[in-house]
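Accompanying notes for the structure given below.
Number of protein chains: 2
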Amino acid sequence: MLDLIAPLVVENTTKIVLLSLDGLGGLPRPETGRSELETARLPNLNALATSAACGLLRHVAPGITPGSGPGHLGLFGYDPVRFQVGRGVLEALGIEFALRAGDVAARGNFCTVDRDGKITDRRAGRLPTDVCVRLTDRLRGISLPGVELQVEPVKEHRFVLVLRGPGLSGRLSETDPQALGKPPLPVKALEAGAAHTAGLVNRFVDEARRLLADEPAGNMVLLRGFDRLPDLPRFPDVYRLRAAAIAAYPMYRGLAKLVGMDVLKTGAAFADEIATLREHRDAYDFFFVHYKDTDKAGEDGDFDGKVAALERFDAALPDILSLAPDVLVITGDHATPSILAAHGWQPVPVLVRSAYCGADPVTAFTERACASGTLGLMPAHHLMPIVMANALRLTKFGA
Amino acid sequence: MLDLIAPLVVENTTKIVLLSLDGLGGLPRPETGRSELETARLPNLNALATSAACGLLRHVAPGITPGSGPGHLGLFGYDPVRFQVGRGVLEALGIEFALRAGDVAARGNFCTVDRDGKITDRRAGRLPTDVCVRLTDRLRGISLPGVELQVEPVKEHRFVLVLRGPGLSGRLSETDPQALGKPPLPVKALEAGAAHTAGLVNRFVDEARRLLADEPAGNMVLLRGFDRLPDLPRFPDVYRLRAAAIAAYPMYRGLAKLVGMDVLKTGAAFADEIATLREHRDAYDFFFVHYKDTDKAGEDGDFDGKVAALERFDAALPDILSLAPDVLVITGDHATPSILAAHGWQPVPVLVRSAYCGADPVTAFTERACASGTLGLMPAHHLMPIVMANALRLTKFGA
Numbered sequence: 011m012l013d014l015i016a017p018l019v020v021e022n023t024t025k026i027v028l029l030s031l032d033g034l035g036g037l038p039r040p041e042t043g044r045s046e047l048e049t050a051r052l053p054n055l056n057a058l059a060t061s062a063a064c065g066l067l068r069h070v071a072p073g074i075t076p077g078s079g080p081g082h083l084g085l086f087g088y089d090p091v092r093f094q095v096g097r098g099v100l101e102a103l104g105i106e107f108a109l110r111a112g113d114v115a116a117r118g119n120f121c122t123v124d125r126d127g128k129i130t131d132r133r134a135g136r137l138p139t140d141v142c143v144r145l146t147d148r149l150r151g152i153s154l155p156g157v158e159l160q161v162e163p164v165k166e167h168r169f170v171l172v173l174r175g176p177g178l179s180g181r182l183s184e185t186d187p188q189a190l191g192k193p194p195l196p197v198k199a200l201e202a203g204a205a206h207t208a209g210l211v212n213r214f215v216d217e218a219r220r221l222l223a224d225e226p227a228g229n230m231v232l233l234r235g236f237d238r239l240p241d242l243p244r245f246p247d248v249y250r251l252r253a254a255a256i257a258a259y260p261m262y263r264g265l266a267k268l269v270g271m272d273v274l275k276t277g278a279a280f281a282d283e284i285a286t287l288r289e290h291r292d293a294y295d296f297f298f299v300h301y302k303d304t305d306k307a308g309e310d311g312d313f314d315g316k317v318a319a320l321e322r323f324d325a326a327l328p329d330i331l332s333l334a335p336d337v338l339v340i341t342g343d344h345a346t347p348s349i350l351a352a353h354g355w356q357p358v359p360v361l362v363r364s365a366y367c368g369a370d371p372v373t374a375f376t377e378r379a380c381a382s383g384t385l386g387l388m389p390a391h392h393l394m395p396i397v398m399a400n401a402l403r404l405t406k407f408g409a
Numbered sequence: 011m012l013d014l015i016a017p018l019v020v021e022n023t024t025k026i027v028l029l030s031l032d033g034l035g036g037l038p039r040p041e042t043g044r045s046e047l048e049t050a051r052l053p054n055l056n057a058l059a060t061s062a063a064c065g066l067l068r069h070v071a072p073g074i075t076p077g078s079g080p081g082h083l084g085l086f087g088y089d090p091v092r093f094q095v096g097r098g099v100l101e102a103l104g105i106e107f108a109l110r111a112g113d114v115a116a117r118g119n120f121c122t123v124d125r126d127g128k129i130t131d132r133r134a135g136r137l138p139t140d141v142c143v144r145l146t147d148r149l150r151g152i153s154l155p156g157v158e159l160q161v162e163p164v165k166e167h168r169f170v171l172v173l174r175g176p177g178l179s180g181r182l183s184e185t186d187p188q189a190l191g192k193p194p195l196p197v198k199a200l201e202a203g204a205a206h207t208a209g210l211v212n213r214f215v216d217e218a219r220r221l222l223a224d225e226p227a228g229n230m231v232l233l234r235g236f237d238r239l240p241d242l243p244r245f246p247d248v249y250r251l252r253a254a255a256i257a258a259y260p261m262y263r264g265l266a267k268l269v270g271m272d273v274l275k276t277g278a279a280f281a282d283e284i285a286t287l288r289e290h291r292d293a294y295d296f297f298f299v300h301y302k303d304t305d306k307a308g309e310d311g312d313f314d315g316k317v318a319a320l321e322r323f324d325a326a327l328p329d330i331l332s333l334a335p336d337v338l339v340i341t342g343d344h345a346t347p348s349i350l351a352a353h354g355w356q357p358v359p360v361l362v363r364s365a366y367c368g369a370d371p372v373t374a375f376t377e378r379a380c381a382s383g384t385l386g387l388m389p390a391h392h393l394m395p396i397v398m399a400n401a402l403r404l405t406k407f408g409a
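Line by line, the protein sequences are chains A and B.
Using the numbering used here, the first residue of the first sequence is number 11, and each one after it goes up by one.
Using the numbering used here, the first residue of the second sequence is number 11, and each one after it goes up by one.
Here you go:
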């Protein structure tokens with residue numbers, strides 16, 4: 011798709027705003043038979059759906075539940091199956107660690123092992139974050155020949171390990187046996203050129219075991235999701251758009267940075283994000299604006315909380331509409347149905363509003379209503395071409 | 011798709027008529043919220059939609075606006091992304107130039123350059139066509155070793171250059187720098203075997219510069235879209251159909267010929283096309299009938315004109331229905347929304363009527379209504395297999 015689009019892109023002065031409601035899609039609550047979107051009072055979203063083209067997005071493949079990484083890459087036009095980003099890289103992006111090309115990142119857990127080195131708790135009882143900070147500090151004492159090591163705390167038992175140096179490979183097996191009563195596994199090279207890196211990581215693990223030996227909980231580490239920064243085509247180059255990301259959460263800023271968007275400084279509240287959008291309106295062609303509250307409530311299994319988060323978003327919509335973007339897109343990176351209390355595989359409602367979006371019979375922004383929209387059920391990475399077309403930024407294919 | 015279909019094709023006596031309304035799809039006019047199809051009075055089309063299976067066709071990819079070439083190739087069952095046809099070839103087809111296998115065709119513009127050879131007008135002020143005829147006549151004086159040259163006027167500043175001879179390649183760069191104040195670029199070979207052809211074209215350009223030097227406007231040429239006739243599987247062979255094209259406009263006759271259909275002689279009016287259809291009914295299994303008026307009005311931004319063109323088509327439908335084709339297909343090669351005054355990327359309504367088409371809830375032949383049809387939103391090149399199935403001309407896949 012990117013290869014097809016890139017040669018057709020033309021410049022224009024149109025403005026595009028893509029609003030991503032994290033975990034937007036939901037499921038009916040059994041008591042009422044209505045989903046979060048069907049329960050909430052959403053006068054502004056429903057009015058928009060009436061004048062917009064609507065549909066459903068599938069981010070990865072049927073039945074596949076997307077993580078936040080693939081979910082957003084899809085929205086940005088990258089096929090998330092083709093452009094895979096390792097967990098280590100996502101974890102590093104999630105704390106806004108400035109990964110460089112060639113770095114190898116891994117997701118780390120502090121775990122607890124018994125005297126025989128066998129795992130008794132894979133998460134060390136979900137260590138308090140301050141203990142995590144103290145233990146990562148200790149791991150920073152490790153030095154290995156020819157590479158620079160970075161160890162950064164994330165949250166609770168989680169940390170990020172980054173190796174920086176020449177000739178590193180991310181094609182390494184994981185140390186987590188995913189079971190109790192077994193010792194951590196040694197790292198193995200998964201490609202010919204990875205033996206050197208595997209040796210370094212195994213030395214890091216040995217040193218960590220030694221340095222952490224006296225801890226009652228968190229006396230060992232597990233490493234997984236080794237990967238290097240993927241070589242993604244740059245969003246501003248592919249689409250010839252000056253593109254900015256507005257997101258209060260570091261993970262989403264990291265994802266936007268990964269594809270080459272400018273990341274704008276903003277506050278923690280959605281009102282701050284809208285103020286940032288207003289302030290930079292003239293300097294960019296494309297804005298990715300992230301709204302987190304829907305996902306948070308969904309993950310907590312808080313149906314009413316998710317309904318309230320949707321209603322707060324709806325109340326903020328007029329402020330965004332007053333900026334009169336030429337193309338307004340509202341969708342999400344995946345479903346987070348409250349009754350699942352987790353990400354879900356269900357397709358996610360989407361609306362595209364522009365002067366040329368056409369009309370469909372949809373008059374409500376819900377999972378059920380959007381199924382009858384003219385956009386149909388489509389892969390998320392097909393959205394950007396439609397957005398670009400609506401912005402009159404694509405020329406025709408063939409004479 | 012073609013590879014899947016071809017071995018399943020069986021003979022039958024059923025008749026198929028495919029009516030292509032050029033630029034069929036539209037968009038709502040802001041004043042009324044209704045598209046051209048929704049505004050027109052179309053009793054015959056709506057009755058057909060009620061008894062047919064309906065849906066929407068996407069010709070190239072989401073958001074991509076098809077040219078007439080890719081749009082029709084899709085209708086004929088060829089994936090237009092896989093089977094790309096260069097602009098030079100399409101331009102030659104558009105004037106019904108009898109291209110042969112191995113010929114290299116380019117689209118030419120007469121342009122104007124200053125004393126330093128820098129372009130001052132890429133279209134030479136859109137020369138009157140009679141001047142174009144005179145200048146192409148002059149270019150016919152050029153002769154090059156080992157190839158036969160054909161130079162044919164098209165319209166205004168446009169002409170076609172065809173090189174005929176052994177060992178030619180169409181993998182050549184363009185001479186148009188797409189900017190004023192720069193000289194035309196030399197042609198470069200884009201593959202190893204193209205150096206000889208590049209040399210010939212550069213000699214042609216040098217001669218053209220010399221022959222046109224005294225012209226006040228159009229004193230130089232720009233060449234682009236070099237290509238050879240693509241090697242397309244022949245439509246009559248793939249589908250085992252005696253196939254005929256009925257089209258008043260040369261471009262569409264050229265496209266039909268490109269895939270191996272017989273092109274029937276017909277008049278300029280749609281009534282003439284229907285008379286031709288009636289006359290040849292028994293001699294063919296498949297008819298592609300082209301209706302141009304919808305696109306013309308759309309391109310002119312003439313909403314009411316497009317409504318009128320649709321109503322004229324509707325009035326002519328009973329004449330076609332009286333021929334009782336076993337499968338009747340009505341669709342278009344792309345959208346031409348009047349409010350865009352250009353081709354659009356929007357999916358195009360389609361209906362398939364046969365004894366076995368099934369029923370759906372659609373009772374109007376409009377963009378919005380067809381979105382709910384049982385055919386769904388599908389790639390245009392998936393239409394022909396459905397048409398063949400409805401004609402009982404495909405056997406089952408697997409035992």
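Note that the Cβ used here is the ideal one computed from N, Cα and C, for glycine as well.
What you are looking at is a predicted structure, and each value in this text was computed from that prediction instead of being measured.
Just how far apart, CA to CA, sit residue i and residue j?
i	j	result
Y301 of chain B	A50 of chain B	17 Å
L242 of chain B	G112 of chain B	13 Å
M11 of chain B	H392 of chain B	7 Å
A326 of chain B	R44 of chain B	23 Å
V273 of chain B	E283 of chain B	12 Å
E158 of chain A	T373 of chain A	56 Å
L67 of chain B	P40 of chain A	37 Å
L387 of chain B	G65 of chain A	11 Å
R136 of chain B	Y366 of chain B	52 Å
G81 of chain A	R250 of chain B	45 Å
K192 of chain B	A401 of chain A	30 Å
P389 of chain A	D303 of chain A	24 Å
Would you kindly check if the distance between the Cβ of residue j and the Cβ of residue i is under 9 Å?
i	j	result
I15 of chain A	F297 of chain A	no
V70 of chain A	G84 of chain A	yes
A208 of chain B	L239 of chain B	no
V19 of chain B	M271 of chain B	no
L320 of chain A	I340 of chain A	no
A115 of chain A	V211 of chain A	no
T24 of chain B	D292 of chain B	no
G127 of chain B	P194 of chain B	yes
F313 of chain A	I349 of chain A	yes
L178 of chain B	Q160 of chain B	no
G104 of chain B	V164 of chain B	yes
R244 of chain A	V269 of chain A	yes
Using a C-beta to C-beta distance shorter than 8 Å, which residues of chain B count as neighbours of residue i?
i	result
F375 of chain A	Within chain B, no residue comes near F375 of chain A; the closest Cβ sits about 17 Å away, beyond 8 Å.
S382 of chain A	A381 and S382
With a cut-off of 8 Å on the beta carbons, I'd call residue i and residue j a contact; round off their distance for me.
i	j	result
R148 of chain B	L222 of chain B	7 Å
D310 of chain B	A351 of chain B	7 Å
E377 of chain A	G35 of chain A	6 Å
G118 of chain B	R174 of chain B	Going by Cβ atoms, the distance from G118 of chain B to R174 of chain B rounds to 16 Å, so no, they are not a contact pair.
D443 of chain B	G33 of chain B	This structure does not reach residue 443 of chain B, given that chain B is present from 11 up to 409, and the question cannot be answered.
Please list, in chain order, the chain B residues whose beta carbon lies closer than 9 Å to that of residue i.
i	result
G399 of chain A	One point to set straight first is that residue 399 of chain A is Ala, not Gly, in the sequence displayed. By Cβ distance, chain B contributes P72, G73, I74, T75, G354, W355 and Q356.
I396 of chain A	P72, G73 and W355
L14 of chain A	V70, A71, I74 and V91
Using a C-beta cutoff of 9 Å, does residue i count as contacting chain D?
i	result
G386 of chain B	No chain D is part of this structure, whose protein chains are labelled A and B.
Run through chain A and tell me which residues come within less than 7 Å of residue i, C-beta to C-beta.
i	result
G43 of chain B	A369
P437 of chain B	Absent from the structure is residue 437 of chain B, since the part of chain B shown begins at 11 and ends at 409.
Which residues in chain A have a C-beta closer than 8 Å to the C-beta of residue i? List them in chain order.
i	result
N195 of chain B	One point to set straight first is that residue 195 of chain B is Leu, not Asn, in the sequence displayed. By Cβ distance, chain A contributes nothing, its closest Cβ being about 18 Å from L195 of chain B, past 8 Å.
L331 of chain B	The premise fails here: L331 of chain B is roughly 28 Å from chain A at the closest Cβ pair, so nothing lies under 8 Å.
What residues from chain B crowd round residue i, counting only those whose CB sits closer than 7 Å?
i	result
F407 of chain A	V70, I74, T75, P76, G77 and P80
M11 of chain A	A71
For residue i, verify whether its CB is less than 8 Å away from any heavy atom of the ligand SAM.
i	result
M261 of chain A	Looking for the ligand SAM in the displayed structure turns up nothing, as the structure carries no ligands at all.
Practice prompt. Report yes or no: do three or more beta-carbon pairs, one from the segment 170-186 of chain A and one from the segment 228-236 of chain A, lie closer than 8 Å?
Written response: Verdict: yes, contact present.
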